[in-house]
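Position in the sequence shown (from 1) plus 3 gives the number in the numbering used here.
For each residue, glycine too, the CB sits at the ideal point set by N, CA and C.
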Amino acid sequence: MLLIDFRMMKIITLPVLALVATLAAACNAPASAGSASATAGGQAGTPAATPPMSEGAVIEVKVDGNGFTPSSVHAQLGKKLTLRFTRTSDETCAKQVDFPELGIKRDLPLNQPVDIDVPASSARTLGFQCGMGMFKGSVVIH
Ligand SMILES: [Cu+2]
Numbered sequence: 004m005l006l007i008d009f010r011m012m013k014i015i016t017l018p019v020l021a022l023v024a025t026l027a028a029a030c031n032a033p034a035s036a037g038s039a040s041a042t043a044g045g046q047a048g049t050p051a052a053t054p055p056m057s058e059g060a061v062i063e064v065k066v067d068g069n070g071f072t073p074s075s076v077h078a079q080l081g082k083k084l085t086l087r088f089t090r091t092s093d094e095t096c097a098k099q100v101d102f103p104e105l106g107i108k109r110d111l112p113l114n115q116p117v118d119i120d121v122p123a124s125s126a127r128t129l130g131f132q133c134g135m136g137m138f139k140g141s142v143v144i145h
């Protein structure tokens, strides 16, 4: 009889322990998840505000008698993008760069990098060209 009782105890005790453990886990889970997401949110907020400035892609574009090199640039959607134009020759009519869709037109002084921030928040192809529209290039954001 004693042996049977002991076995009965074990049979009853184990599910109860399991249930208690489950309840304890269930109670702890929302609390820890809540604080974890609050912490993650705080952490995400801080770096998100600063790194994009240094993390953004800078693509160098050479400007000379052949126009823009590369003339076709691919960029990642949603990532900060800067095109750095450097005119390396006087033997070119591309002494300006013009982004008609953006309404941006800049002079390109010889051997002086000119940075243009290109919005990459939507998937599209942005054209750029020299001041007179003879040399053309494009930025594909995808
Ligand atoms: Cu030109």
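CA-to-CA distance, residue j to residue i, given in whole angstroms
i    : j    : result
P79  : P112 : Here the sequence assigns Gln to residue 79, which means Pro is not the residue at that position. Spanning the two alpha carbons is a distance of roughly 28 Å.
S76  : D93  : Reading off the sequence shown, one finds Val at residue 76, where the question assumed Ser. Distance between the alpha carbons of V76 and D93: 23 Å.
F131 : F71  : 9 Å
L62  : R87  : According to the sequence provided, residue 62 is Ile. The question's Leu does not apply to it. So the alpha carbons of these two residues sit roughly 6 Å apart.
A126 : L105 : 14 Å
S124 : V64  : 21 Å
C30  : D118 : Note that C30 has pLDDT 41, beneath the 50 cutoff, so the model's placement of it is unreliable and no number is given.
T91  : N114 : 5 Å
P122 : F138 : 22 Å
D110 : H145 : 28 Å
Whole-Å CB distance - residue i paired with residue j, under 8 Å assumed
i   : j    : result
T89 : D120 : At roughly 16 Å, the Cβ-Cβ gap does not stay under 8 Å, so T89 and D120 are not in contact.
Pair within 9 Å by beta-carbon distance, residue i and residue j
i    : j   : result
A60  : K82 : yes
G140 : S74 : yes
Neighbourhood of residue i by C-beta, 6 Å cutoff - its chain only, sequence neighbours within 5 removed
i    : result
T95  : D67, G68
T128 : S141, V143
P116 : R87, T89
Neighbourhood of residue i by C-beta distance below 8 Å, restricted to the same chain and skipping five residues each side
i    : result
K108 : Q99, V100, D101, F102, G134
If you scan the stretch 47 to 122 from start to end, which runs of the alpha helix (DSSP H) of 4 or more residues do you find wholly inside it?
55 to 58
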